[in-house]
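Numbering (the working numbering), first residue to last: 857 to 1028.
The beta-carbon is built from N, C-alpha and C at its ideal position, and this holds for glycine as well.
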Amino acid sequence: NQRLQAIANIDTWIDGKTANKSFFPGTDINVFRAAAQLAMRVFWPDTLNQGHCGFCGPTTVLFDFAKRYPVKFAKCCMDLVDTGSGRIQLNNGQLGFDVSLGKNEAGDWKTKHMPEADFIMLRAVRHKAKALIPGSQSGGMDFAFDKDPTHATTPTQIKLLRVLEEKVVERV
């Protein structure tokens, strides 16, 4: 069972931790708590929490990723917590895309009232889409999710994320 294997991988990952240290310094991200959150998402992908940040596009992509590929979903999240980089990997690694966050890009997870594992994954996917859609295509409103009313994922962003997902699913 893939879900049990993902849990075993999370267990091994957390057993190897000698300190509560993540890639994101000064963020108060608790890797042990993130591991528990990740285990919940592996078993129940529908518990992925986008909070009030307008992460609906990335949530759609990650829900499907967690549901179909729990081992790869867990690896991506663990890698993001450890190194700031991960890979959304499908079809035995033949398809996918890299995601990443800088050391200072997860520091506001607490102010968003979201679980840190969810925030890191969702924000990393959203940053990937940000790189693919220039703000000029939507009047410069892309990804300013801290400001109303631009906090919501725009139709253009959702369309792009769905197109990427559909291309990957077609090839699987």
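- DSSP, reduced to helix, strand and coil, places residue 936 within a helical segment of the structure shown.
- Exclusion of the five residues before and after residue 934 leaves 869 as the residues of its chain whose Cβ lies within less than 6 Å of its Cβ.
- With contact defined as three or more Cβ pairs closer than 8 Å, the region 872-887 and the region 908-923 are not in contact.
- In this chain, the beta strand (DSSP E) harbouring residue 944 covers 941-946.
- Residue 976 and residue 937 do touch by the CB rule: their CB atoms are close to 6 Å apart, below 8 Å.
- If the five residues before and after residue 893 are omitted, its C-beta is found closer than 8 Å to the C-beta atoms of 971, 972, 973 and 974, all from its own chain and listed in chain order.
- Using a Cβ distance threshold of 7 Å, residue 932 and residue 940 do not count as a contacting pair.
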